[in-house]
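For reference, the structure discussed in these notes is given below.
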Amino acid sequence: MLAHLLTNSGILLETAFIDLSLAGDNAILLAMVVRHIPEKDRKSALIFGAGFGAFVRCVLSFLLVQLLRFPGISLIGAVLLLWVCYTLYKEIISDAETEDMTPATSKKDAIFKIIVADVSMSIDNVLGVAGATSNHPVIMILGLILSVILIILATEKITKLLNKYKWLSWMGLIVILFVSCQMFYHGTLQVLPYLHNYFSFS
0 MLAHLLTNSG
10 ILLETAFIDL
20 SLAGDNAILL
30 AMVVRHIPEK
40 DRKSALIFGA
50 GFGAFVRCVL
60 SFLLVQLLRF
70 PGISLIGAVL
80 LLWVCYTLYK
90 EIISDAETED
100 MTPATSKKDA
110 IFKIIVADVS
120 MSIDNVLGVA
130 GATSNHPVIM
140 ILGLILSVIL
150 IILATEKITK
160 LLNKYKWLSW
170 MGLIVILFVS
180 CQMFYHGTLQ
190 VLPYLHNYFS
200 FS
């Protein structure tokens, strides 16, 4: 196995770079989700949600690469991410109105949001990782493990900052909204030619 990794060190580095680019945006989003659940449940919710999200990405990378090339998938991911943005917006407003630090989100709801957000924000990265690790499943799995570790470590730090500086929640929401709008824009551009062809033949 070590010889295999050394032989394919370039692929491993490429996968690590893709996973690093994924970790930043995801960590901001996941921190905004977990800060609204009891502190004792945060780590387990984060590990389970991010871990399951990585498992889903692994399945997508192995089995659904062709489906992910379907132009509507990015658009669907963007819509899901916009829904997450809306729920986070409501939580920020609720915090501002009540000035109460009582957790407003259940552990189960947080895990669900983590999985949806993680997978939605990872659509482009799944294609990148799948392309980089073609025929190298061990490297793909190592890359996913790396991404989960990075996201969990970064999320814990960002959560503390969000709790200390409330205005950072708005900055985080803007970042996530920008990513989702970008996905929506590119997804729409991908779908438009198909819609044009469909209606021109109707």
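Number 201 marks the last residue of the sequence shown (numbering that gives the first Met the number 0); no jumps. We treat Cβ as the ideally placed atom computed from N, Cα and C, and that holds for glycine.
- Across the set P37, L188 and K42, the C-alpha of K42 shows the shortest separation from the C-alpha of L152.
- Pairing S105 with I36, the inter-Cα distance amounts to about 6 Å.
- Take the alpha-carbon of F54 and the one of R34: they are about 23 Å apart.
- Straight through space, the alpha carbons of L172 and N162 are spaced by roughly 14 Å.
- In this structure, the straight-line span from the alpha carbon of S168 to that of V83 is close to 14 Å.
- In this structure the stretch 78-93 does not touch the stretch 141-160; the number of beta carbon pairs closer than 8 Å is below three.
- Exposed is the label assigned to K156, since fewer than 16 other Cβ atoms lie within 10 Å of its Cβ.
- Per DSSP, reduced to three states, the secondary structure at S105 is coil, with no helix or strand assignment.
- The beta carbon of S179 sits closer than 7 Å to the beta carbons of A77, L80, L81 and C84 from its chain, once the five residues preceding and following it are set aside; these are given in chain order.
- Of the candidates H195, L191 and A49, A49 places its Cα closest to the Cα of I110.
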